[in-house]
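Under my numbering, read the sequence shown as residues 60 to 421, first letter to last. First up is the structure itself, then whatever we jot down about it.
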Amino acid sequence: MDNESEGQYPWLFCSKQKIGCEYCKEIGKLKTVKKRGVEISEEWTKYNRPFDDHFKLIELQKANGISLGSILHSRSATTIIDHIATKMREQLVKNIIDCSAKFSVLVDESTTLNSKTSMVVYIKSAISNDDPIFMFLDLVELDNQLAVNIDIFWHCMNHRLELAVNDSVKDVTATNHYKAFLDSLYALYNRSPKNQNELKTICTELDMIFLKVGRVLDVRWVASSYRAVQAIWKIFPALYNHLYNASNDPTKDKKTQSKYTGLYKKLGSPQFVLDLALMCDILKELSYLSNQLQSHAVTLLQSDQLIKRTIRVLESFKTKDGEHVLEAKEAQIIMLFKTIGLTNNQKLICINPSQFITSMLI
Numbered sequence: 060m061d062n063e064s065e066g067q068y069p070w071l072f073c074s075k076q077k078i079g080c081e082y083c084k085e086i087g088k089l090k091t092v093k094k095r096g097v098e099i100s101e102e103w104t105k106y107n108r109p110f111d112d113h114f115k116l117i118e119l120q121k122a123n124g125i126s127l128g129s130i131l132h133s134r135s136a137t138t139i140i141d142h143i144a145t146k147m148r149e150q151l152v153k154n155i156i157d158c159s160a161k162f163s164v165l166v167d168e169s170t171t172l173n174s175k176t177s178m179v180v181y182i183k184s185a186i187s188n189d190d191p192i193f194m195f196l197d198l199v200e201l202d203n204q205l206a207v208n209i210d211i212f213w214h215c216m217n218h219r220l221e222l223a224v225n226d227s228v229k230d231v232t233a234t235n236h237y238k239a240f241l242d243s244l245y246a247l248y249n250r251s252p253k254n255q256n257e258l259k260t261i262c263t264e265l266d267m268i269f270l271k272v273g274r275v276l277d278v279r280w281v282a283s284s285y286r287a288v289q290a291i292w293k294i295f296p297a298l299y300n301h302l303y304n305a306s307n308d309p310t311k312d313k314k315t316q317s318k319y320t321g322l323y324k325k326l327g328s329p330q331f332v333l334d335l336a337l338m339c340d341i342l343k344e345l346s347y348l349s350n351q352l353q354s355h356a357v358t359l360l361q362s363d364q365l366i367k368r369t370i371r372v373l374e375s376f377k378t379k380d381g382e383h384v385l386e387a388k389e390a391q392i393i394m395l396f397k398t399i400g401l402t403n404n405q406k407l408i409c410i411n412p413s414q415f416i417t418s419m420l421i
């Protein structure tokens with residue numbers, strides 16, 4: 060190491076063609092402080108302590124009378140940690156390649172402290188022919204949650220399925236009105252225990268099983284969206300009656316009554332019933348696929364077969380109606396759905412099944 064480097068980094072030292080840190084060297088020599096009952100030594104590293112414990116260790120060292128200077132508090136410490144992490148990652152990948160070890164990848168969505176969406180990547184493999192273990196590989200920050208912007212080769216197939224549905228919703232304009240309406244229902248009952256209790260009472264009066272109205276067509280498991288639309292399908296009469304009764308409730312102000320009127324008129328239109336039926340049929344198939352892909356026993360070959368089967372079924376919906384759509388079209392003819400009379404709402408534009416399915420399969 061030259062004189063200039065020694066002047067710039069006085070805490071570095073070279074010995075036997077190796078570079079090291081004077082502070083770390085001193086820390087490694089620490090012994091038990093009997094009067095405090097605390098021991099600090101290189102054994103610390105054997106417990107795989109997280110980086111969050113770094114500052115706690117510094118405070119402990121100070122309590123034992125060790126002068127650490129300022130280097131461990133500066134950005135240099137972060138740089139050192141990042142450098143070590145990079146080298147460890149390179150060694151990990153190199154070991155897997157050299158040993159021709161089999162491996163699997165687990166990818167999950169997370170959020171950083173500054174609320175930025177990220178993808179956490181873990182890898183499971185046998186290192187140096189030892190037992191397979193899960194190891195953190197990388198944290199990839201995302202600009203947004205669109206499928207086209209997630210550039211990871213091994214991606215959780217289930218999460219990619221959710222992203223495909225979410226992208227299709229954005230591509231097909233007609234789904235915006237449908238999703239906005241369902242979001243309004245979700246907010247109405249999720250944020251108000253009073254409304255939820257009133258709906259539950261109507262379900263009991265109609266001899267129906269009460270089901271919560273959930274959020275749909277969002278970046279979440281497809282099975283959750285399917286349960287949400289299925290709930291609306293099953294308790295449709297109770298929902299309609301509650302909205303209708305609230306629109307005529309004299310204890311509510313005119314603005315609130317008008318809000319409920321708009322909701323029950325949209326709900327009680329054949330256009331909405333057709334859209335609801337289409338989503339029930341599509342999300343039912345995607346939910347089945349999602350649940351199958353979540354199985355730990357599923358193989359790549361089986362996954363490929365399941366995906367191809369789902370594609371064939373969805374393609375068939377372009378020319379052959381699903382069970383929910385068939386029921387909705389019958390209701391449209393007689394303008395009656397589950398004992399509720401339907402009224403046309405010309406402001407609503409039905410979702411084009413072929414366009415929505417094509418957008419999702421591209």
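Don't be surprised by glycine CBs; every beta carbon is placed ideally from N, CA and C.
Item, Value
"Does the distance from the CB of isoleucine 192 to the CB of alanine 160 come in under 9 Å?", "no"
"So what does DSSP say about phenylalanine 331, is it helix, strand or coil?", "helix"
"Beta carbon of isoleucine 399, beta carbon of proline 296: below 9 Å?", "yes"
"May I ask you to list the residues that DSSP assigns as paired with glycine 400?", "Leu395"
"Mapping the DSSP letters down to three states, classify valine 7 as helix, strand or coil.", "In the structure displayed, the chain extends from 60 to 421; residue 7 sits before or after that span and is not available."
"Between Phe240, Val272, Thr232 and Ala233, which has its C-alpha nearest arginine 250's C-alpha?", "Val272"
"Where do the ends of the alpha helix (DSSP H) carrying glycine 321 lie?", "313–326"
"Roughly how many angstroms separate the alpha carbons of aspartate 312 and isoleucine 294, rounded to a whole number?", "27 Å"
"Look at the alpha carbon of methionine 338 and the alpha carbon of valine 164, and state the distance between them as a whole number of angstroms.", "32 Å"
"Please classify aspartate 157: is it buried, with 16 or more other beta-carbons within 10 angstroms of its beta-carbon, or exposed?", "exposed"
"State the CB to CB distance for the pair asparagine 235 and serine 328, rounded to an integer number of angstroms; the pair is presumed to be in contact (CB under 8 Å).", "Their Cβ separation, rounded to whole angstroms, is 17 Å, which puts asparagine 235 and serine 328 out of contact at 8 Å."
"Buried or exposed: which applies to asparagine 309, given that a residue is buried once 16 or more other Cβ atoms fall within 10 Å of its Cβ?", "As written in the sequence, residue 309 is proline, which differs from the asparagine given in the question. Flag for proline 309 reads exposed."
"How would you label phenylalanine 331, buried or exposed, when you count the other beta carbons within 10 angstroms and need 16 or more for buried?", "buried"
"Going along the chain, which residues of its own chain have a beta-carbon closer than 7 Å to the beta-carbon of asparagine 350, five neighbours each way excluded?", "Ala282"
"How many whole angstroms separate the CB atoms of leucine 365 and isoleucine 416, which I take to be in contact at a CB cut-off of 8 Å?", "Contact flag wrong, Cβ pair sits at about 18 Å."
"Tell me the DSSP secondary structure of leucine 241 in three-state form.", "helix"
"Applying the 10 Å Cβ sphere with the 16-neighbour rule, what's the burial state of alanine 305?", "buried"
"Taking its Cβ as the centre, do 16 or more other Cβ atoms sit within 10 Å of threonine 369, making it buried, or is it exposed?", "buried"
"My assumption, with CB atoms under 8 Å, is that isoleucine 408 sits in contact with alanine 233. Please give the rounded CB distance.", "5 Å"
"Exposed or buried, glutamine 150, counting other C-beta atoms within 10 Å across all chains shown (16 or more means buried)?", "exposed"
"Taking asparagine 300 as the reference, give the member of Lys314, Ser317, Leu322 and Ala287 with the closest Cα.", "Leu322"
"Is threonine 263 helix, strand or coil by DSSP?", "helix"
"With a cut-off of 8 Å on the beta carbons, I'd call serine 177 and leucine 201 a contact; round off their distance for me.", "6 Å"
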